[in-house]
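Protein chains in written order, with the numbering used here: chain A, 111 to 246; chain B, 111 to 246. Even for Gly, the Cβ is constructed at its ideal location relative to N, Cα and C. All values reported here derive from a predicted model rather than from experimental measurement.
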DNA sequence: CTGCATCCCAAACGATACTG
DNA sequence: CAGTATCGTTTGGGATGCAG
């Protein structure tokens, strides 16, 4: 067991982390990437690199605080990289790291699913709300 | 434009919903499905139908309140269905609807990504925390 | 332009007790 | 077993003001 292939390592890692367990770090990570702003930022950066102000404009309604907080966390977790250009005024560009790129298609799928199935969900809600409550 | 195929409807729907816009309902839906408990519940039900108590056991650390709340929302949104059997004691089974099934592989991918990339994220955090803060 | 610090309120959440 | 109800705490997140 001293030598193992990358595939074997990955399989072992997959087994040793279990998001169903509250004590497992992956539960925490799942919570972090399961986030509205994370999805939108990642997908936006997937289209192309973005400046801070470009992200703020594209993610309508995001506050400075949430945007900065989200970007910092994503940077710390190694999903995006931040490049600051010292000029006047200062310019900051964000881009996806390879790790971020690996997550991108998944979160893009989540965002797309929401947009594509909105009608069905609205219909389901309408059914649920108009249906008679079950008698016990 | 009075008649259109289902495919055309879907294409139109896709264009008319944009999660980047704060006023768009899909932004709200994205927020709902971007949820730790939603992922875990959906994936658990993807394995097989589950009773309330089985879910409570599998999702370690979830409170009754959050579990019930999550299940109600998912039911209302048409992602899961709830079947109550009036016996003593009462028995309630949850299962995925076709709409839920369509979301399952996506959220399963999110959960798997978290478990598979935990090591890389931990390493990235370590780098970030030990690195010298950039001087300005 | 790109933040950080602070205040503050509302919503989220956990714990507990109770019910059909 | 499968919830509901209530309470108290924590957290999320917006608004504002300041700084490099």
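With a cut-off of 8 Å on the beta carbons, I'd call residue 231/A and residue 188/B a contact; round off their distance for me. 6 Å
Rounded to whole angstroms, what's the CA-CA distance from residue 222/A to residue 143/B? Just pull it up for me. 12 Å
For residue 238/B, would you say it is in contact with chain A, using Cβ-to-Cβ distances shorter than 8 Å as the test? yes
Could you confirm whether any beta carbon from chain A is found closer than 8 Å to the beta carbon of residue 245/B? For residue 245/B, the predicted structure reports a pLDDT of 44, less than 50, and the residue's modelled location is therefore unreliable. The matter cannot be settled from this model.
Do residue 184/A and residue 166/A have their CB atoms nearer than 8 Å? no
Give, in chain order, every residue of the segment 160–174 of chain A whose Cβ lies closer than 7 Å to some Cβ of chain B. 168, 169, 170, 171
Name, please, each residue of chain A whose Cβ falls closer than 9 Å to the Cβ of residue 132/B. 169, 170, 171, 172
Contacts of residue 127/A in chain B (Cβ-Cβ under 9 Å): 224, 225, 226, 228, 229
Take residue 148/A as the anchor and find which of 164/A, 220/A, 135/A, 127/A has the nearest alpha-carbon. 220/A
Mind checking which residues open and close the alpha helix (DSSP H) that includes residue 220/B? 208–226
Would you mind working out which of 228/A, 240/A, 215/A sits nearest residue 157/A, comparing C-alpha positions? 215/A
So, with DSSP's three-state summary, where would you put residue 205/B? It is a strand residue.
For residue 115/B, the three-state DSSP class (helix, strand or coil): coil
Please list, in chain order, the residues of the segment 202–218 of chain A that have any C-beta partner in chain B closer than 9 Å. 207, 209, 212, 213, 215, 216, 217
Quick check on the DSSP output: the alpha helix (DSSP H) that includes residue 153/B runs from which residue to which? Per DSSP, residue 153/B is one residue of the alpha helix (DSSP H) stretching across 146–157.
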